Amino acid sequence: MSVREATIDIHGADGSFMRIAGEGQGEQGVELATDMKGFYDAPVKTFSREGARQVGGNYLGKKYMIRDVSFGLHVHGSESDWWESRDSAVRKAFSYELDPWNPDAQLARMEITTDLSGARSLRLALSESIGFESEFDPLLMQRGVAPMLTAAMQPMWFEDDYMGSEQHPAHWELTSGSSGSGFVWISNPTDQPMTPDWICNGTGVFKLPDFSWTGPEYARVPGVDFKSGRDDSERLYTVPAITSADGGGATVHVSRMKIPVRSFANTNIAGRTNGKRMLYAIPPYTPPTRVPVSVSGASAGAGVQLRMPRLWSRPWGLE
1 MSVREATIDI HGADGSFMRI AGEGQGEQGV ELATDMKGFY DAPVKTFSRE GARQVGGNYL
61 GKKYMIRDVS FGLHVHGSES DWWESRDSAV RKAFSYELDP WNPDAQLARM EITTDLSGAR
121 SLRLALSESI GFESEFDPLL MQRGVAPMLT AAMQPMWFED DYMGSEQHPA HWELTSGSSG
181 SGFVWISNPT DQPMTPDWIC NGTGVFKLPD FSWTGPEYAR VPGVDFKSGR DDSERLYTVP
241 AITSADGGGA TVHVSRMKIP VRSFANTNIA GRTNGKRMLY AIPPYTPPTR VPVSVSGASA
301 GAGVQLRMPR LWSRPWGLE
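For the sequence shown, the positions run 1 to 319 when my numbering is used.
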């Protein structure tokens with residue numbers, strides 16, 4: 001079996017691209033130096049409590065911290081593209097924050113691709129000014145090293161959102177009438193809980209599955225939630241009625257870091273829910289599972305699309 005080396009790419013905040021490791025590295029004048037740190041397991045802090053007379057203690061929980069990633073970049077010039085230009089390009093690829101004048105701004109993205117796990121990425125912001133190392137005048141030698149200290153505020157490596165497959169479709173559409181029901185498939189092959197986004201296309205009243213889960217890894221099924229003891233294995237969440245004034249659709253978020261229900265007109269319609277929201281993340285290593293969806297009072301072509309963000313604590317493996 002032939003195994004290819006991993007590739008590491010930088011997709012700059014300015015839209016630039018640099019392959020810094022793997023096949024084709026250095027073609028943009030930048031290569032990864034040694035001693036890269038912070039890119040592997042996501043940083044964790046655990047909490048425990050020890051009683052005065054207790055033997056040992058009790059585990060209370062954990063918190064994932066901001067990920068600090070440090071690395072160096074060898075920058076070298078050529079006859080057609082001098083070192084000053086390429087060193088400047090490295091600086092322009094990274095930023096401390098999102099461009100406040102650009103509504104579509106993104107931080108620089110480091111992407112690692114392997115044969116086993118495909119492509120996974122981190123968004124990186126500069127934690128401090130970029131350093132510089134060169135034994136001689138870099139203008140004369142046309143090379144230098146740029147030490148980088150960056151931070152991933154979201155410390156998990158991420159893939160493109162999974163949108164289902166032909167075998168396990170993650171979308172359903174009402175083909176006739178104004179009411180109907182069907183199924184979509186949900187899964188989570190990662191080592192992290194998944195908070196999906198439900199996209200409701202069209203007007204009407206949608207009902208979405210919001211199940212509690214139980215069981216061992218790779219065999220999770222809807223069941224009694226272990227933490228709360230609540231059995232929501234058949235819970236359905238009713239999305240507030242979507243009208244044409246809402247832009248003809250809405251996105252329902254499970255993540256507590258997002259607005260629970262946002263219309264296609266970019267308005268917060270969570271106030272119509274009487275404080276109710278979707279509750280349950282999908283546990284790590286949940287196999288493909290068919291779940292029900294429905295809509296009533298709908299417009300022609302109404303449907304549901306499930307977006308499944310996939311997060312990993314490592315840049316490869318853990319499948």
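For every residue, glycine included, the Cβ atom is placed at its ideal position computed from N, Cα and C. All of these numbers come straight from a predicted model, not from anything done at the bench.
Indicate the three-state DSSP secondary structure (helix, strand or coil) for residue i in the structure shown.
i: VAL55; result: coil
i: GLN149; result: Reading off the sequence, residue 149 comes out as Leu, not Gln. Strand.
i: LEU318; result: coil
i: SER36; result: A small fix is needed here, since residue 36 is Met in this sequence, not Ser. It is coil, neither helix nor strand.
Verify the CB distance criterion: does residue i have a CB-CB separation below 7 Å to chain D?
i: HIS11; result: Note that chain D does not occur in the displayed structure, where there is just one protein chain.
Can you check whether the CB of residue j is closer than 7 Å to the CB of residue i?
i: ARG120; j: PRO315; result: yes
i: HIS168; j: TRP185; result: yes
i: HIS76; j: GLY29; result: yes
i: ALA93; j: ASP14; result: yes
i: TRP312; j: LEU318; result: yes
i: PRO147; j: GLY131; result: yes
i: VAL254; j: THR150; result: no
i: PHE183; j: PRO260; result: no
i: MET321; j: ILE199; result: Residue 321 falls outside the range modelled here, since the chain spans only 1 to 319, and no answer is possible.
i: TYR162; j: MET278; result: no
i: THR286; j: ASP197; result: no
Can you round the beta-carbon distance between residue i and residue j to whole angstroms, since I take them to be within the 8 Å contact cut?
i: VAL224; j: SER212; result: 6 Å
i: GLU23; j: THR34; result: Actually they are not in contact, since the Cβ atoms of GLU23 and THR34 sit about 19 Å apart, beyond 8 Å.
i: GLY249; j: GLY202; result: 6 Å
i: VAL239; j: SER296; result: 11 Å between Cβ atoms; not a contact.
i: LEU60; j: PHE47; result: 4 Å
i: SER16; j: ALA89; result: 6 Å
i: LEU122; j: TRP157; result: 6 Å
Suppose only complete runs of 4+ residues qualify. What are the alpha helix (DSSP H) ranges in the segment 56-131, listed by chain order?
83-93
What are the complete beta strand (DSSP E) segments, minimum 3 residues, inside the segment 216-288?
236-238, 249-253 and 261-263
Residue ranges of each alpha helix (DSSP H) within the segment 155-205, 4 or longer:
none
Please confirm if the segment 234-244 is in contact with the segment 177-196, defined as three or more CB-CB distances below 8 Å between the two stretches.
no
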